[in-house]
Structure formats: C-alpha cells, structure tokens
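Novice: So that we are looking at the same thing, I have put the structure below in structure tokens.
There are 2 protein chains.
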Amino acid sequence: MAQGLKVAVVGATGMVGAEMLRVLEQRAFPVAELVPVASARSAGKTVTFNGAEHTVVEIAPEVFEGVDLALFSAGGGTSREWAPIAASKGALVVDNSSAFRSDPEVPLIVPEVNPEAAADRPKGIIANPNCSTIQMVVALKPLHDEARLKRVVVATYQAISGSGATAVAAFEAQEQAIARGGEVDKDKLSGQLSRNLLMHWKPDPETGYQEEELKMVSETRKIFGDPAIAVSPTAVRVPVVTAHSEAITVETHAPITAERARELLSQAEGIEVVDDLSQGIYPQPIDAAGQDPVYVGRIREDVGNPGGIQMWVVSDNLRKGAALNAVQIAETVLLK
Amino acid sequence: MAQGLKVAVVGATGMVGAEMLRVLEQRAFPVAELVPVASARSAGKTVTFNGAEHTVVEIAPEVFEGVDLALFSAGGGTSREWAPIAASKGALVVDNSSAFRSDPEVPLIVPEVNPEAAADRPKGIIANPNCSTIQMVVALKPLHDEARLKRVVVATYQAISGSGATAVAAFEAQEQAIARGGEVDKDKLSGQLSRNLLMHWKPDPETGYQEEELKMVSETRKIFGDPAIAVSPTAVRVPVVTAHSEAITVETHAPITAERARELLSQAEGIEVVDDLSQGIYPQPIDAAGQDPVYVGRIREDVGNPGGIQMWVVSDNLRKGAALNAVQIAETVLLK
C-alpha cells in the first residue's frame, strides 16, 4: 500500500491546502496519484505538485473513487457533507475542520501525543485538532507523562494566516494603509489588526468565551483522554502573519523543576527547545514560520506557584498547526 | 498651596515627559510655574505648555529651588542621583522610574488602589509603579476588596511606546521596510517587532524571568500590602504602538461570579467596562490609546477554575501606565 497512494486534497487552493501539498512533497509521502479538489469556484485552477501541474477538480462523489487518503481543509460545512462520502468509498479521511472533533466516534490525533487512538475510527474519519491546541498539547505531553496535568492557563498570540489567504491580504492592506498614512479598511477582519489586537472568533454567549478558546479546553481533554484536565484559555489575534505563540502556565499533580522540564522537553518528539534568555534566545514567530517543530522556551519554575512551570510555545500554525499534523496522522495510519 | 505650584518635569522631552505636560494641562493642574528639565543633550530645546513656549533647562541642584512638585521620568540613573536632591529642597518627588519602587521608605502608589499609603513618605519621594502593574492592580482592586486575591496569572501584550520615542521610530522603520519589501533593521529593538513578538526586557538569570515580569510580582504585593498574593507573569512585546493589554486569570479566596465581577468593576474608580463579546465589543489598544480609563472586558467565570475570573485589561501605557498616574499621585498628596 505504501508503494503509492491515491491522495485527494480537498481545499487544495486554500492556504492550508497549499501547505498540505508542500508537506506531502517535502516528506516524500508516497503519492501515486494526486487529486486536488475544491469548490466550483476554484475548479479548473491548477496547483503544482512534485514539479507537475494538476488541474483542480470540483468536489463530487466520483472524485473520491479509489482514493486512499483524503485530506480535508475546506471548512466545516464541506467536511460535514463530503467527508462521510469520501470515507464510504474507502478513503482514510483526515479532516482539518472542527466538524468532527468532538464526535466520540472520530479520534482526534496529534501523533506525538496519542497515536494509538487513531486505530479505532469507526467512521473512517480522523480529526486534526485546532492549530492552537496542537502546539500546546505537544509541549504539554512530556510534562503530563512525568507528573500528570492538573491545570493549564494559556494566553495565545495567534497569527492571521490561520484565517486564510483573504484575511492575510486584508491585514497586509491595513499595514500598507498605515504605512502611507491612509484610511484603514476594518471590515474584512472585523476590526483593525495592524498595530492592534483582536478577539474576533465566534463568541459563545453562555460562557463568555470565544469558541476558539473552548476548543482548547475540550480538545486538550479528548487528546489526553483525561476529562479532569482544567484549561483556562484566552485567545488573541496579533499582527503576525505566520506562527502562533502561547504563554502557558502549567500545574501538575506532582511538582516539576525547570531543569527537569527542560530535560523532558528536550528529549520529546516534535519539540525543539530554544531557551537561553540571558543570551536573548527564545522562540519567535518569524523564526518558527515555515518550520516543522514546536519551539519551547522561557521554561521556568512558576514564581506564583511552587512546583509549577511556565513556558512559551511557538509553532507554524499552517504546518504543525494544520497541514503537517494532518500528513503525520496519515503517515501514522497508512505508512507504519 | 493649590493656588499655584512650581512644577518641575524631569525628562520633559521624552515620551512620558511630553505626556506629563499634556496631562497637567488637560487636568488643569494648578501650575504657577513650569520648569522643564532634561539632560545637557536636550537642554535649550523648547516645550509648549498651556500655549506658551518653555525652554528646557539642564538638570542641576538649583533648578529644584522652590519647586513644589518634581515629576521624574528620565530613567533610573537620573532618579537615583537627582530625586533625593529635589526632595531635600522641599519638592514632592513622584518618580516614574524603577529606582525607588522596592525601597521600603518610598510608597508605591496607584491612587485608585492605595492612596492612603502616600501619606508616609520619609524620603519625600513617591514611586509610580511599572506601566503593566498599574493597569492590572486597578482592575484587580475591586475583586480584592470583595474576595481577597489569592493568585493572578497574567500574560501581557505590551506596546512599543513603553520603550520611548527612539524605539517607536525604530519600529515604524521596520514596518516601512516590510511594506516596501526591504531589509529590516533588527539592531535597535533587539530583534524584529513588526509582524513578530519580542521578549527583550532584562533577564534575571536566577529565576528565568524578565525583570519586567518580576516587577509585576513585587509591585502588586507592595501596592496591595499583601506579600501572600501569588503572581505568575509573562511579558511580551507586541507590534502595537500605544496601550498595553493583559490577559488576566484571577483566583480569590472567596468565589466570585462573572455577574458580580462585572458589577464591581463597573462601579470602580478609573475603570470603564467594555464587555459585550456577542456584539464584538471588547477593549482594543487602538481605542484605549490617548484615553484615561483602564478598560476591562471579556469578564467571565474561569472555565478551568470554578469561582475564578478571567478578564482582558487594556490601558494607555503612557497615560494611566505612567504620566496620568504620576499626576494623580501629585493630586492626591497636594490638592486633596
């Protein structure tokens, strides 16, 4: 099977779709045939993969015939409608939307954290977690294994590329307007992001949280398989194009020293420790953009909670936060 | 005495100094005579106050003769050397640097929080807290009065104007370079701030914290007079020009509901509650810049800690975070 797979990428013309193609190429994923899929609006465009042009086809049941792997990144509505169809035709579906993440019959996988949960997938669908959750759980995993997570307080600093290419263009237009002293168009981003901060995710009126924040709570519990883990999140959009950052405060059931945390994180899969503050060395979004690792720095004993740890976690939201993790899930299931 | 005071502003040509002059003017502080003071480098420049030009004088013992109020904002070194001299000549010194903040003989005052502590000032000096501390303690005060603070986890989103005019110019130059696709000069800000995040405050090698973060710990305890309050801080510089933002997670000894917290915060001095997320309404730096209040929004019951509160606090770092608070201290002592 690993000799060559038929792979469909749904949402191939979007930012995450394009990153999926790059990741498949860079990791030499055994693609025998590529089927780039999109809505009617983008069908007919071409994408380049492994040096060849491929015409994007409009989504329809027949495009999934004989497909081994279908990577979905075209929004929740498309996934809800089409992922079951692709799965019914025998494809492994890895879905980057939030459509199935809380479905008890759909595993939610970060390969460094819970690869074993991918085995049981009654619907043939595996969900890729939210970008801000993925990098957090990768960084929390070694601490959880050592001392069991009790509570996590997290404040995010999220890049605009998570909202897609149109949002990035709107942000750049705002920057250009400010640079030339012109009027800033605030409509496309529900506000001004350049030189400002936004909290523009869908609100949950009952709790006062943004849905983006509640995802970090429920997804973290599902991935670790521990509904007792407490998560206190704040999600903030910052004027950064790519790579999300997170200020994370961790409380575990057993105390951990900073030295031990640094040792555990240094040895953990998928993590690169970048931590020498006295030399001005800590993870930065511009360094993480385009890279695969989850970068962890500022590892320190919590001055406000003896035995706890604070750290700063930065990763490319389009790669580990989306495309890379999706392809790694496919590798875990199909290539191992 | 309130009929007209002789007021010296040390560091009158800096960003905070300029803001002090604006605040004195806007609040109609009874200035009979203004003495703008600076280093030799800036002496001879002029500043405008109440419509008149004033020549900046070089700092020297005699400039403080007959001065009733000396507002210092020219760095810790200048304060350490000159604040005691100004005080010895009878001036009330309000110092915006960190030089005296931890001195047990110097009160550290936020008028909405601990005005009574200003009365006992054996050195004739009152310290103005760090910008990130001021807005936080104003927002915490009503919750502390109601239920006593136990622990605070705070992640900051700090504007570059806190670093002064040269830093703002360097940031704007970085923005311009990116807008025209040129090379970004990273030297002046210890890194690239445009489209990026920095943690460039002085590190404390022993704890792994930045000094900016440790200030939030010690100053919060001193202002509330409660060394048991635990503070877990992360300080981050964001590509915003003016107004600091803070994601604050609060644990009190008695539980508080979001409704009660909103009620307490709405009635508190110096605070404006801006909190209707379902309508996209929450505090934003661009709205807070140039304004006096500490804006509080996103007030919600902590999904990770029953009885706790999370909130989002935004305020102009040059005004309430520096100049306004300093002038309010002077008002508390000299005009009430």
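Sequence lines, in order, name chains A and B. Throughout the first sequence, residue numbering follows our numbering, covering 24 to 359 in sequence. Throughout the second sequence, residue numbering follows our numbering, covering 24 to 359 in sequence. Even for Gly, the Cβ is constructed at its ideal location relative to N, Cα and C. These numbers come from a predicted model, not from an experiment.
Put B/ILE183 into one of helix, strand or coil per three-state DSSP.
Specialist: Looking at B/ILE183 - three-state DSSP - the assignment turns out to be helix.
Novice: To the nearest angstrom, how far is it from the Cα of B/VAL273 to the Cα of B/LEU172?
Specialist: Those two C-alpha atoms are separated by around 7 Å.
Novice: Could you compute how far the alpha carbon of A/GLY327 sits from the alpha carbon of B/ALA253?
Specialist: Approximately 5 Å, taken between the alpha carbons.
Novice: List the whole-angstrom C-beta distance separating B/ILE271 from B/ALA170, where the pair is believed to meet the contact cut-off of C-beta under 8 Å.
Specialist: 15 Å between Cβ atoms; not a contact.
Novice: Using the Cα positions of B/MET43 and A/VAL240, report the straight-line distance between them to the nearest angstrom.
Specialist: Rounded to the nearest angstrom, the two C-alpha atoms are 44 Å apart.
Novice: So the alpha helix (DSSP H) B/MET38 belongs to, where does it begin and stop?
Specialist: Counting along the chain, the alpha helix (DSSP H) containing B/MET38 begins and ends at 38-49.
Novice: Just to make sure I have the definition right: I need the residues of chain B whose C-beta is within less than 8 Å of the C-beta of A/ARG321. Which are they?
Specialist: Correct list: MET222, GLY231 and THR257.
Novice: How do the stretch 313-321 of chain B and the stretch 243-251 of chain B stand: do at least 3 beta-carbon pairs fall below 8 Å, yes or no?
Specialist: Touching, no.
Novice: Which residue or residues does DSSP assign as beta-bridge partners of A/VAL32?
Specialist: Paired residue(s): A/PRO59 and A/LEU94.
Novice: Under 7 Å Cβ to Cβ from B/ILE157, same chain only, skipping five residues before and after it: list those, please.
Specialist: Around B/ILE157: VAL133, LYS343, GLY344 and ASN348.
Novice: Less than 8 Å between the CB atoms is what I'm expecting for B/THR257 and A/GLN333, so what's the real figure, rounded?
Specialist: That belief holds up - the Cβ atoms of B/THR257 and A/GLN333 are roughly 6 Å apart, short of 8 Å.
Novice: Using CA atoms only, rank isn't needed, just tell me which of A/PHE194, A/VAL336 and A/ALA110 is closest to A/ALA266.
Specialist: Closest by alpha carbon: A/VAL336.
Novice: Can you list the beta strand (DSSP E) stretches of 3 or more residues lying completely in the stretch 317-345 of chain A, in chain order?
Specialist: For the stretch 317-345 of chain A, whole beta strand (DSSP E) runs of length 3 or above, ordered along the chain, are 317-324 and 332-338.
Novice: Any beta carbon from chain B within less than 7 Å of A/GLN351's own beta carbon?
Specialist: Not one chain B Cβ lies under 7 Å of A/GLN351.
Novice: When you compare the CB positions of A/ASN119 and A/ASN151, do they come within less than 7 Å of one another, or not?
Specialist: Yes. Within cutoff.
Novice: Identify, in the order they occur along the chain, each residue of the same chain with its Cβ nearer than 7 Å to the Cβ of B/GLU242, setting aside the five sequence neighbours on each side.
Specialist: So the list reads ARG124, LEU131, PRO152, ASN153 and THR156, once near-sequence residues are dropped.
Novice: Any C-beta of chain B within less than 9 Å: which residues of the stretch 270-285 of chain A qualify?
Specialist: Cβ contacts with chain B come from ALA270, ILE271, THR272 and ALA281.
Novice: Let me confirm a value: A/GLU198 is counted as buried when at least 16 other C-beta atoms fall within 10 Å, else exposed. Which label applies?
Specialist: It is buried - the Cβ of A/GLU198 has at least 16 other Cβ atoms within 10 Å.
Novice: Spell out a yes or no on whether the stretch 77-92 of chain A and the stretch 48-60 of chain A are touching, meaning 3 or more CB-CB pairs, one atom from each, closer than 8 Å.
Specialist: At 8 Å Cβ cutoff, the stretches touch.
Novice: Does DSSP classify A/HIS167 as helix, strand or coil?
Specialist: Of the three classes helix, strand and coil, the one that applies to A/HIS167 here is helix, per DSSP.
Novice: Identify each residue in the stretch 142-161 of chain B for which the Cβ-Cβ distance to at least one residue of chain A is less than 8 Å, and report them in chain order.
Specialist: If the cut-off is 8 Å between Cβ atoms, the stretch 142-161 of chain B has nothing near chain A.
Novice: Among residues of its own chain, excluding the 5 on either side of B/GLY187, which ones have a beta-carbon nearer than 7 Å to its beta-carbon?
Specialist: Hits under 7 Å: GLY37 and MET38.
Novice: Output the distance between the C-alpha atoms of B/PRO53 and B/GLN26, rounded to the nearest integer angstrom.
Specialist: So the two alpha carbons sit approximately 6 Å from each other.
Novice: Below 7 Å on C-beta distance, what does B/SER301 contact in chain A?
Specialist: Under the 7 Å cutoff, chain A gives PRO226 and PRO228.
Novice: Give the C-beta separation of B/ILE82 and B/VAL33 to the nearest angstrom, bearing in mind that I take them to be a contact with Cβ-Cβ under 8 Å.
Specialist: So it is a contact: roughly 6 Å between Cβ atoms.
Novice: For the beta strand (DSSP E) that contains A/ASP118, what are its first and last residues?
Specialist: Counting along the chain, the beta strand (DSSP E) containing A/ASP118 begins and ends at 115-118.
Novice: Are the C-beta atoms of A/ILE309 and some chain B residue less than 7 Å apart?
Specialist: Chain B contact via Cβ: present.
Novice: Using beta carbons (cut-off 7 Å, strictly below), is A/VAL6 in contact with chain B?
Specialist: The structure shown does not extend to residue 6 of chain A, since chain A is modelled only from 24 through 359, so no value can be given for it.
Novice: Show which residues of chain A have a CB atom less than 8 Å away from the CB atom of B/ASN219.
Specialist: Chain A residues near B/ASN219: VAL263, GLN307, PRO308 and ILE309.
Novice: Need the endpoints of the alpha helix (DSSP H) that A/ILE108 sits in, please.
Specialist: 99-111 is the extent of the alpha helix (DSSP H) around A/ILE108.
Novice: Quick check: the stretch 283-293 of chain A against the stretch 206-220 of chain A, are at least 3 beta-carbon pairs closer than 8 Å?
Specialist: The answer is no - the stretch 283-293 of chain A does not touch the stretch 206-220 of chain A, with fewer than three Cβ pairs under 8 Å.
Novice: Could you check the C-alpha separation between A/SER217 and A/VAL160 for me, to the nearest Å?
Specialist: Spanning the two alpha carbons is a distance of roughly 29 Å.
Novice: So, is the C-beta of A/TYR180 closer than 7 Å to a C-beta in chain B?
Specialist: Answer yes: the Cβ-Cβ gap between A/TYR180 and chain B drops below 7 Å somewhere.
Novice: Should A/PRO316 go down as buried or exposed, given a rule of 16 or more other Cβ atoms within 10 Å for buried?
Specialist: Buried, because 16 or more other Cβ atoms sit within 10 Å of the Cβ of A/PRO316.
Novice: Excluding five sequence neighbours on each side, which residues of the same chain lie with their C-beta closer than 6 Å to the C-beta of B/ALA106?
Specialist: So the qualifying residues of the chain are PHE95, VAL116, ASP118 and ILE148.
Novice: Measure the Cβ-Cβ separation of A/LEU221 and A/GLY231 and say whether it is below 7 Å.
Specialist: Taking 7 Å as the Cβ cut-off, A/LEU221 and A/GLY231 do not qualify as a contacting pair.
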